[in-house]
Every structure is written in C-alpha cells, then in structure tokens.
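What follows is a short report on a single structure.
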Amino acid sequence: GAVVSQHPSWVICKSGTSVKIECRSLDFQATTMFWYRQFPKQSLMLMATSNEGSKATYEQGVEKDKFLINHASLTLSTLTVTSAHPEDSSFYICSAKGRRNYYEQYFGPGTRLTVT
Amino acid sequence: AQKITQTQPGMFVQEKEAVTLDCTYDTSDQSYGLFWYKQPSSGEMIFLIYQGSYDEQNATEGRYSLNFQKARKSANLVISASQLGDSAMYFCAMREEYSQGGSEKLVFGKGTKLTVNP
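Next up, the structure:
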C-alpha cells in the first residue's frame with residue numbers, strides 16, 4: 001500500500017512554455033502533499049506544501065507565480081511550471097502524507113524536466 | 001534552524017559486510033523525527049527507517065538499523081550484510097513541524113553515495 005504516482009516521468013519542453021506535473025496517491029487519501037526539487041548530485045529541497053482544498057505554502061525563495069500548485073482532491077496535486085526556462089530543468093518529486101501513518105511521507109517516482 | 005549533516009560524500013563496502021553511514025543533526029526542538037531514505041539511480045525515494053526523538057530503543061528494519069545517540073545528536077544508519085543492490089544515494093532527513101498551521105516538512109542532508117563492491 002501507500003503508492004504515489006507521478007505523471008509524466010519525464011518531459012522536454014521549449015523555453016517559455018508551461019508544463020504540468022501530476023502527483024496522485026493511488027491507494028490512500030493524502031491530506032498533505034509536498035513538492036521537492038532536486039538538482040543533479042544535490043539533495044532534495046522542499047518547494048511547497050499543499051493541503052487539500054487550501055492554498056499551498058511556499059518555501060522562502062520559491063516563486064509562487066512561477067510554480068503553481070493545486071491540491072484539487074485528496075488524491076491529486078498538480079505542479080505547473082509556468083514560462084519555463086532552462087534553469088528550471090530539474091528533477092521534481094512529490095510526496096504525500098495520509099492519516100494512517102502520522103510521520104511518514106510516501107514519495108512519487110519523480111519527474112525529470114528538461115527545458116530547451 | 002535545523003540542519004542535517006552527512007559528512008561522507010561517498011562510501012565503499014564489500015559485499016556481505018556491514019557499513020555505517022553517518023548523520024548528525026542540529027535542532028532545538030524536543031520532539032522531532034529522523035528518517036533515512038535510499039535513492040537509486042532511477043530517482044525514486046525509498047523509505048528505509050524512522051526514529052522518533054522519544055523512542056528509547058534504536059529503530060530496526062530488517063538489515064537496516066539506526067544508531068540513535070540523542071546526546072550527541074547523531075542518527076547513523078547501519079546496513080548489515082551489504083548487497084550489490086544497496087548501491088545508491090542515501091539521505092538522512094529530519095521532520096520539522098511548523099508552529100502554525102499544523103504542517104511539517106522534511107529537511108534533507110546532502111547524501112552519501114554508497115557503492116557495494118562484489
């Protein structure tokens with residue numbers, strides 16, 4: 001149990017376009033979802049936290065107008081990278097937290113974004 | 001501010017031997033949680049083990065054990081009987097709770113790349 005999926009697993013887009021990444025909890029209700037970014041050979045950095053039905057909370061330094069997060073339901077959160085630029089190329093990972101286990105976050109497989 | 005320190009950028013171990021990956025943390029909170037995750041080259045984050053700050057016994061999960069020394073603020077991961085499939089990046093992380101909103105976040109260390117040699 002506790003499976004989180006992400007779609008797409010990888011995407012290549014042109015500079016200036018927008019890209020949407022989906023994160024779904026497949027077998028549990030995710031009260032909270034988290035979005036992380038990981039640059040090559042670096043650690044995961046939290047971008048934002050979203051609770052179902054409420055606005056996302058962004059970490060300091062993360063542009064909320066550029067990285068739009070929507071937690072539309074208890075099983076789906078989306079991250080939209082608007083007007084993407086090459087410096088947005090990164091590995092984006094979501095995680096989800098349910099009610100079953102108070103401490104554990106379940107991670108998705110990640111989405112590799114390349115902006116050309 | 002919390003901080004997770006992993007001082008070993010890379011570690012090598014022979015197959016079937018045990019290896020310890022170091023992690024120290026810095027927090028002023030009384031209640032906190034410590035995690036270890038494995039990230040193979042595919043990129044997925046695999047949960048390995050969790051230790052709560054109030055847990056009196058060291059956590060164990062199969063071949064993984066966490067050597068929790070609270071006074072020294074260290075939470076080292078011990079992998080026994082290493083296997084070739086253990087080769088991966090390993091991240092230590094701490095759960096931080098926000099005082100407002102009831103939410104939380106994980107703060108990750110920089111990771112240790114473990115290579116298991118046959």
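Chain order of the listed sequences is A and B.
So the first sequence is numbered by the working numbering: it starts at 1 and just counts up by one.
So the second sequence is numbered by the working numbering: it starts at 1 and just counts up by one.
Beta carbons: idealized from backbone N, C-alpha and C, even for Gly.
Quick caveat: nothing in here was measured; it's all calculated off a predicted structure.
Min CB distance residue i to chain A below 7 Å
i: Phe108 of chain B; result: yes
i: Met94 of chain B; result: no
i: Met11 of chain B; result: no
i: Gly111 of chain B; result: yes
i: Lys38 of chain B; result: no
C-alpha gap between residue i and residue j, whole angstroms
i: His85 of chain A; j: Gln38 of chain A; result: 16 Å
i: Tyr25 of chain B; j: Lys73 of chain B; result: 6 Å
i: Gly85 of chain B; j: Leu21 of chain B; result: 16 Å
i: Thr80 of chain A; j: Thr17 of chain A; result: 10 Å
i: Phe91 of chain B; j: Met45 of chain A; result: 12 Å
i: Gln8 of chain B; j: Val4 of chain A; result: 30 Å
i: Met45 of chain B; j: Ala93 of chain B; result: 12 Å
i: Ser43 of chain A; j: Gln6 of chain A; result: 19 Å
i: Arg63 of chain B; j: Thr115 of chain B; result: 16 Å
Counterpart residues of residue i in DSSP-defined beta bridges
i: Ser25 of chain A; result: A:Val4
i: Leu76 of chain A; result: A:Arg24, A:Ser73
CB contact below 7 Å: residue i versus chain B
i: Gly110 of chain A; result: yes
i: Leu76 of chain A; result: no
i: Ser46 of chain A; result: Note that residue 46 of chain A corresponds to Leu in the displayed sequence, not to Ser. It does: the Cβ of Leu46 of chain A has a partner Cβ on chain B nearer than 7 Å.
i: Ser50 of chain A; result: no
i: Phe107 of chain A; result: yes
i: Phe28 of chain A; result: no
i: Tyr103 of chain A; result: yes
Range covered by the beta strand (DSSP E) that runs through residue i
i: Phe67 of chain A; result: 67-73
i: Cys13 of chain A; result: 10-13
i: Lys105 of chain B; result: 104-108
i: Ala71 of chain B; result: Note, Ala71 of chain B: premise wrong, no beta strand (DSSP E); not H, not E.
i: Ala93 of chain B; result: 88-97
Any non-hydrogen atom of the ligand COA closer than 6 Å to residue i Cβ
i: Ile79 of chain B; result: You won't find the ligand COA in this model; it holds no ligand whatsoever.
Q: Could you tell me whether the stretch 65-79 of chain A touches the stretch 22-37 of chain B, where touching means 3 or more Cβ pairs closer than 8 Å?
A: no
Q.
With three or more beta-carbon pairs closer than 8 Å as the criterion, would you say the stretch 20-27 of chain A touches the stretch 79-93 of chain A?
A. yes
(Q) So, does the stretch 97-115 of chain A touch the stretch 5-14 of chain B, judging by three or more C-beta pairs under 8 Å? (A) no
Q: Could you say if the stretch 1-13 of chain A and the stretch 59-77 of chain B meet the contact criterion of at least three C-beta pairs nearer than 8 Å?
A: no
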